[in-house]
Structures are given as C-alpha cells and as structure tokens.
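**Q** This is the structure, below, for whatever I ask next.
Numbering (this note's numbering), first residue to last: 1327 to 1473.
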C-alpha cells in the first residue's frame, strides 16, 4: 500500500480555495482494507473533519472491500476535502456496474453498498476511458464548517 498526502494542495485555477488530498494505491490484498480505513480516518481527523471521519472510514472500507473482492486486482483511493465536503473515490480494474445485492438476514456479507448509501450524502459510479470504473461517495461537513 502506497500513501501520499498533501494537506494544503491549492486547486488549479483558484488562489483561495484549498483542497486536502490523500491518495492510496492498494495491492490485491484484502488485509489492506483495515489500513485504508485507518488512513482515511486519520487524514480526516488531521484535517479537523472529526464529525465525518468515522462514517467516511466505513464507506472507504466497504468500497475498497468491494473493489478487491470483485476485481481481484489493485485499486486506487482518493480522498479530497474541499468546500465543506469530503469525497472518496475508489478506482478498480472492472467496468462492471456496482449493484446492491439482496441478502438474507443471516448473511454475513453483501451489505456494503447498503452501508455506503446509508452513510453517504451521495454516491455513484462512472466508467473511465481506460476501461476501469470509479465508485465515489461524498459526505458534507456540518453546516458552517469548511475545514
């Protein structure tokens, strides 16, 4: 797992807006999901976004778990905090649409996207030109907070 963080990246074309970024490259190893969850939470705490750190860590865990489980390959994670909103993106090597599964009450897995939908203000996915997909989710900071 490779992590790069730039806490004070200035957005292109804007001299006043500040974007905080965390980029993580993940090998095809499900054991790294916990490290991603920890890194996302730690980044948001260090950026004074405590109110959303735990929820976004769960979202990251679910999206990365899905990426590794259903593609078997590497994934990349981007976390950005700007203009009072955190956005997490997970890119994997599949072009297949993520779908919510119907699972029984006793099932131990299969609820990842349901959790993402419950925790995130918005989520979705898009195909990339290179034949991969990105699944994203965003959470706003509480009213009046811009981080």
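Backbone N, C-alpha and C fix where the C-beta goes; we use that ideal spot for every residue, glycine too.
Taking Cβ positions, are residue 1419 and residue 1388 nearer each other than 8 Å?
**A** Start at 1 with the first residue of the chain shown, and residue 1419 comes out as number 93. Start at 1 with the first residue of the chain shown, and residue 1388 comes out as number 62. Contact: no.
**Q** Hey, would you say residue 1369 sits closer than 8 Å to residue 1348, going by beta carbons?
**A** Here residue 1369 is taken as the residue at index 43 of the chain shown, counted from 1. Here residue 1348 is taken as the residue at index 22 of the chain shown, counted from 1. In this structure, residue 1348 lies closer than 8 Å to residue 1369 by Cβ.
**Q** What whole-angstrom Cβ distance do residue 1366 and residue 1383 have, given they're in contact under 8 Å?
**A** The residue you call residue 1366 lines up with position 40 of the chain shown. The residue you call residue 1383 lines up with position 57 of the chain shown. About 5 Å; that satisfies the 8 Å criterion.
**Q** How big is the Cα-Cα spacing for residue 1453 and residue 1469?
**A** Your numbering for residue 1453 matches position 127 in the chain shown. Your numbering for residue 1469 matches position 143 in the chain shown. If you take the alpha carbons of residue 1453 and residue 1469, they lie about 32 Å apart.
**Q** Based on Cα-Cα distance, which residue from 1461, 1465 and 1467 lies nearest to residue 1390?
**A** Numbered from 1 along the chain shown, position 64 holds the residue referred to as residue 1390. Residue 1461 is the option with its Cα nearest to residue 1390.
**Q** Per DSSP, which one or two residues make a beta bridge with residue 1466?
**A** For the purposes of this step, residue 1466 is taken as residue 140 along the chain shown, with counting starting at 1. Paired residue(s): 1411.
**Q** Going by other Cβ atoms of all chains shown within 10 Å of its Cβ, with 16 needed for buried, is residue 1446 buried or exposed?
**A** Against the chain shown, residue 1446 aligns to sequence position 120. Residue 1446 is buried by the Cβ-count criterion.
**Q** Taking just the CA atoms, how far does residue 1392 sit from residue 1359?
**A** Numbered from 1 along the chain shown, position 33 holds the residue referred to as residue 1359. Numbered from 1 along the chain shown, position 66 holds the residue referred to as residue 1392. Cα-Cα distance, rounded: 10 Å.
**Q** For the beta strand (DSSP E) containing residue 1346, list its first residue and its last residue.
**A** The residue given as residue 1346 occupies position 20 in the chain shown. Unbroken beta strand (DSSP E) run through residue 1346: 1344 to 1352.
**Q** With 16 other CB atoms within 10 Å as the buried threshold, where does residue 1338 fall?
**A** Within the chain shown, the letter at position 12 stands for residue 1338. In this prediction, residue 1338 scores a pLDDT of 37, lower than 50, which makes its location untrustworthy; the coordinate-derived value is nonetheless stated afterwards. It counts as exposed.
**Q** Measuring CA to CA, which of 1463, 1408, 1362 and 1421 is closest to residue 1440?
**A** In the chain shown, counting from the first residue as 1, residue 1440 sits at position 114. The candidate whose alpha carbon is nearest that of residue 1440 is 1463.
**Q** Give me the Cβ distance between residue 1465 and residue 1412, rounded to the nearest whole Å; I'm assuming they're in contact under 8 Å.
**A** The residue labelled residue 1465 in the question sits at position 139 within the chain shown. The residue labelled residue 1412 in the question sits at position 86 within the chain shown. With 8 Å as the limit, residue 1465 and residue 1412 qualify as a contact, their Cβ atoms being about 5 Å apart.
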